[in-house]
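Residue numbers (full-length UniProt numbering): 1 to 408.
Positions of the beta carbon are idealized from the N, C-alpha and C atoms, including for glycine.
Okay, structure first, notes after.
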């Protein structure tokens with residue numbers, strides 16, 4: 001059995017690598033954009049045919065650069081994910097083996113079980129395939145963003161719809177606001193970091209579950225105990241698998257034959273996306289003896305799980321806003337560094353200062369919210385790749401300039 005905290009932290013290494021990749025891709029897109037449209041209005045006002053040829057040439061070079069970046073990060077990412085799977089497999093069986101040994105059973109460790117190792121390798125391979133699939137589409141999406149936004153800037157300036165500086169700022173706003181997303185068949189879009197977190201956490205949870213189930217089959221063990229935690233998702237609020245609060249922290253029958261306990265799969269939805277060990281789920285399970293249950297469900301209910309769930313969602317929103325603002329500032333700074341038109345550079349600096357002020361206000365709001373609701377502030381959740389002390393100082397200076405200009 002894996003704790004919610006273990007599943008929460010298990011993706012840290014993979015997320016860090018994904019965040020670095022996303023940051024580098026954004027830098028490449030914006031730097032190449034500014035090399036094409038950041039040279040001044042006269043340079044932008046060129047013949048349509050020539051412009052399109054130059055943009056397509058740039059797009060081809062950009063695609064090559066991003067493919068190299070993805071290949072580099074994949075070399076680091078796959079060993080990271082594989083190690084996380086191996087650690088999770090070992091950790092998952094610790095709980096189970098303690099109960100088996102208490103009744104005189106002596107199951108072999110993971111490393112000595114070819115069957116369990118094959119299960120772990122199978123689940124890892126599925127997660128690796130998902131990573132490769134979405135990183136491939138990421139490169140294609142990056143190139144598409146570049147071509148579309150270059151065309152938009154050109155049309156807007158040539159048609160006189162907006163000024164040169166406004167056209168560039170609009171393009172930068174679009175790219176900064178949307179970033180590079182992973183698009184699923186359902187058309188749901190997630191950031192590279194969020195998509196990585198979801199596939200790795202889900203993959204680890206499922207691998208640990210598959211191993212635990214197989215070991216129960218080998219030991220002919222039927223009773224299962226599901227973990228519990230405050231703030232569990234409530235789904236539609238009904239007595240069904242979408243409501244994790246309803247089924248968490250209880251004993252179940254693996255086969256459904258022991259009528260003292262509910263049927264494991266039917267009640268929890270194990271094996272489905274919305275149920276136990278499904279999409280981004282932080283619940284786990286292990287062998288149970290039907291007697292010892294460390295999860296105090298009554299206390300969780302008295303603590304008002306719904307309120308905790310609501311507060312956690314709000315905290316995640318505030319944290320995401322701060323991360324997004326930091327990413328926006330990095331994007332604007334990349335544009336400033338790559339800009340050759342002084343007037344545009346001045347406008348971009350003003351834009352940077354305004355966003356820096358927004359970040360300062362968001363950080364204050366986050367601290368105030370956490371303090372008012374007795375929540376821990378998670379500095380690690382506010383981190384973004386390449387945001388060091390120098391970036392923090394630069395942002396604080398920008399916020400001060402903006403406030404001074406407004407007379408605050």
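query                                                                                                          : result
Residue 372 versus residue 43 - alpha carbon distance                                                          : 53 Å
Strand pairing of residue 223, partner residues [DSSP]                                                         : 253
Beta-ladder partner(s) of residue 182, from DSSP                                                               : 190
Local Cβ density within 10 Å of residue 196, reported as buried at 16 or more and exposed below that           : buried
Every unbroken alpha helix (DSSP H) inside the stretch 229-274 [4 residues or more]                            : 244-247, 264-268
Selection from 386, 157, 271 that minimises the alpha carbon distance to residue 170                           : 157
Euclidean distance between Cα positions of residue 403 and residue 21                                          : 33 Å
Three-state class that DSSP yields for residue 278 in the structure shown                                      : coil
Sheet register partners of residue 287 (DSSP bridge)                                                           : 224
8 Å contact criterion, which residue 286 and residue 96 should meet: CB distance rounded                       : 5 Å
Minimum Cβ-Cβ distance from residue 37 to chain B less than 8 Å                                                : The structure shown contains no chain B; it is built from a single protein chain.
Through-space distance from residue 32 to residue 119, alpha-carbon basis                                      : 44 Å
Integer-rounded CB distance, given that residue 192 should sit under 8 Å from residue 180                      : 6 Å
Assigned secondary structure, residue 95 (DSSP; H/G/I helix, E/B strand, else coil)                            : helix
Pairwise C-alpha distance: residue 308 and residue 231                                                         : 5 Å
Buried or exposed by the 16-neighbour rule on C-beta atoms within 10 Å, applied to residue 111                 : exposed
Simplified DSSP state of residue 111, which is helix, strand or coil                                           : helix
Rounded C-alpha distance that separates residue 389 from residue 395                                           : 10 Å
As assigned by DSSP and simplified to three states, the class of residue 376                                   : coil
Coil, strand or helix - residue 173 by DSSP                                                                    : helix
C-alpha gap between residue 183 and residue 100, whole angstroms                                               : 44 Å
Environment of residue 342 [buried if 16+ CB atoms lie within 10 Å]                                            : exposed
Proximity winner among 34, 131, 58, 218, relative to residue 73 (alpha-carbon distances)                       : 131
Cβ pair residue 421, residue 143 closer than 8 Å                                                               : Within the shown structure, residues of the chain are numbered from 1 to 408, placing residue 421 beyond reach of any answer.
Of the listed residues 98, 104, 128, nearest to residue 80 (C-alpha basis)                                     : 128
Rounded straight-line distance, which links the Cα of residue 399 to that of residue 49                        : 42 Å
Inter-stretch contact at 8 Å, needing at least 3 Cβ pairs: the stretch 312-324 / the stretch 274-288           : no
Classification of residue 122 by the beta-carbon crowding that lies within 10 angstroms, buried from 16 upward : exposed
Start-to-end residues for the alpha helix (DSSP H) that takes in residue 7                                     : 4-9
Residue from 151, 4, 262 with nearest C-alpha to residue 53                                                    : 151
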